[in-house]
Amino acid sequence: MAAVARTRGVRAKRPPHPAPVWRTGVGRSHAGGVEDCTGRLLVATPGLRDRSFRRAVVLVLEHTAAGALGVVLDRPLEVDARHVLPQWQAHLSTPGRLFQGGPVARDTALALADLPDADAPPGVRPLTGRLGVVDLDAPPALVVDAVRALRVFIGYAGWSAGQLDDEVDAGGWFVVDLEPGDVFSSDPRGLWRRVLRRQPGDLALLSTAPEDASLN
Numbered sequence: 001m002a003a004v005a006r007t008r009g010v011r012a013k014r015p016p017h018p019a020p021v022w023r024t025g026v027g028r029s030h031a032g033g034v035e036d037c038t039g040r041l042l043v044a045t046p047g048l049r050d051r052s053f054r055r056a057v058v059l060v061l062e063h064t065a066a067g068a069l070g071v072v073l074d075r076p077l078e079v080d081a082r083h084v085l086p087q088w089q090a091h092l093s094t095p096g097r098l099f100q101g102g103p104v105a106r107d108t109a110l111a112l113a114d115l116p117d118a119d120a121p122p123g124v125r126p127l128t129g130r131l132g133v134v135d136l137d138a139p140p141a142l143v144v145d146a147v148r149a150l151r152v153f154i155g156y157a158g159w160s161a162g163q164l165d166d167e168v169d170a171g172g173w174f175v176v177d178l179e180p181g182d183v184f185s186s187d188p189r190g191l192w193r194r195v196l197r198r199q200p201g202d203l204a205l206l207s208t209a210p211e212d213a214s215l216n
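In the UniProt record's numbering, the protein residues as written are 1 to 216.
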């Protein structure tokens with residue numbers, strides 16, 4: 001699909017998740033009463049040990065009865081975009097790097113933009129709130145002057161039907177609200193602690209949990 005661009009020199013680790021449909025809306029229910037997490041954050045619980053998601057903050061881009069898709073927000077890579085998407089490098093938000101969006105389809109890139117209002121410019125499809133998905137095949141000149149921030153993710157996180165719901169029920173994720181600044185934070189590596197710290201009650205206390213849970 002247009003919103004996900006194939007990149008050169010980045011190999012896929014496993015077959016891609018089915019292409020997303022990019023619906024909007026938050027808090028609806030699927031058939032069977034499953035909560036729709038679209039537009040919300042998944043915050044890994046301290047006990048989640050999967051290397052791809054340990055202390056990760058994931059923005060859910062789509063969550064339906066057929067499955068879910070999102071991008072990890074706090075995994076900046078030590079490479080920039082000039083080797084795979086050189087035309088976009090000058091327009092990336094601080095820290096000006098590509099981000100590891102997840103373990104699925106690591107030969108693809110997906111870009112998100114912060115929109116100044118609800119009207120998306122050409123080359124950007126609105127997602128939720130003022131967040132949009134950028135068509136990386138579009139000329140950057142159509143996009144960059146009309147958005148406030150831009151970030152490119154390599155790969156994404158995908159869940160099959162019911163899988164994300166099972167992981168949340170099993171205590172793998174906290175589901176919390178997205179706030180302005182989360183997606184395009186200039187300090188992405190500290191996002192896990194910051195998101196937990198602003199939550200009420202015991203969740204805020206978890207922000208102080210040590211990296212090694214055995215030390216807690």
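We put the CB at the ideal spot given by N, CA and C, even for glycine.
Taking residue i as the reference, give the member of the options with the closest Cα.
{"i": "residue 176", "options": "58, 54, 52, 53", "result": "58"}
{"i": "residue 150", "options": "200, 73, 160", "result": "73"}
{"i": "residue 36", "options": "61, 155, 197", "result": "61"}
{"i": "residue 113", "options": "38, 197, 184", "result": "184"}
{"i": "residue 139", "options": "88, 96, 131, 195", "result": "88"}
{"i": "residue 159", "options": "127, 51, 70, 43", "result": "70"}
{"i": "residue 42", "options": "173, 66, 136", "result": "173"}
{"i": "residue 56", "options": "194, 201, 68", "result": "194"}
{"i": "residue 98", "options": "136, 78, 127", "result": "78"}
{"i": "residue 162", "options": "44, 49, 48, 65", "result": "65"}
{"i": "residue 105", "options": "182, 52, 157", "result": "157"}
Exposed or buried, what is residue i when buried is set at 16 or more other beta-carbons lying within 10 Å of its beta-carbon?
{"i": "residue 75", "result": "buried"}
{"i": "residue 171", "result": "exposed"}
{"i": "residue 167", "result": "buried"}
{"i": "residue 90", "result": "exposed"}
{"i": "residue 210", "result": "exposed"}
{"i": "residue 81", "result": "buried"}
{"i": "residue 204", "result": "exposed"}
{"i": "residue 122", "result": "exposed"}
{"i": "residue 44", "result": "buried"}
{"i": "residue 111", "result": "buried"}
Please report the straight-line C-alpha distance between residue i and residue j, rounded to a whole angstrom.
{"i": "residue 54", "j": "residue 46", "result": "8 angstroms"}
{"i": "residue 251", "j": "residue 142", "result": "Residue 251 lies beyond the residue range present for the chain, which begins at 1 and ends at 216; the question has no answer from this structure."}
{"i": "residue 155", "j": "residue 109", "result": "6 angstroms"}
{"i": "residue 85", "j": "residue 186", "result": "21 angstroms"}
{"i": "residue 40", "j": "residue 208", "result": "22 angstroms"}
{"i": "residue 178", "j": "residue 192", "result": "12 angstroms"}
{"i": "residue 153", "j": "residue 100", "result": "6 angstroms"}
{"i": "residue 180", "j": "residue 199", "result": "15 angstroms"}
{"i": "residue 93", "j": "residue 124", "result": "16 angstroms"}
{"i": "residue 31", "j": "residue 83", "result": "Low per-residue confidence applies at residue 31: pLDDT is 43, beneath 50, and the placement is therefore not dependable enough to give any value."}
{"i": "residue 133", "j": "residue 120", "result": "10 angstroms"}
{"i": "residue 116", "j": "residue 182", "result": "16 angstroms"}
{"i": "residue 130", "j": "residue 202", "result": "30 angstroms"}
Looking at residue i and the ligand ADP, is the gap between the Cβ and the nearest heavy atom below 7 angstroms?
{"i": "residue 95", "result": "Within the structure as shown, the ligand ADP is missing, as the structure has no ligands at all."}
Can you name the start and end residues of the beta strand (DSSP E) that residue i belongs to?
{"i": "residue 173", "result": "173-176"}
{"i": "residue 158", "result": "149-160"}
{"i": "residue 106", "result": "104-114"}
{"i": "residue 132", "result": "131-134"}
With respect to the alpha helix (DSSP H) encompassing residue i, which residues constitute its N-terminal and C-terminal limits?
{"i": "residue 35", "result": "First-last for residue 35: undefined, no H or E at that position."}
{"i": "residue 204", "result": "202-206"}
{"i": "residue 194", "result": "191-197"}
{"i": "residue 168", "result": "163-169"}
DSSP state of residue i, grouped into three classes?
{"i": "residue 90", "result": "helix"}
{"i": "residue 144", "result": "helix"}
{"i": "residue 82", "result": "helix"}
{"i": "residue 139", "result": "coil"}
{"i": "residue 188", "result": "helix"}
{"i": "residue 62", "result": "strand"}
{"i": "residue 96", "result": "coil"}
{"i": "residue 48", "result": "coil"}
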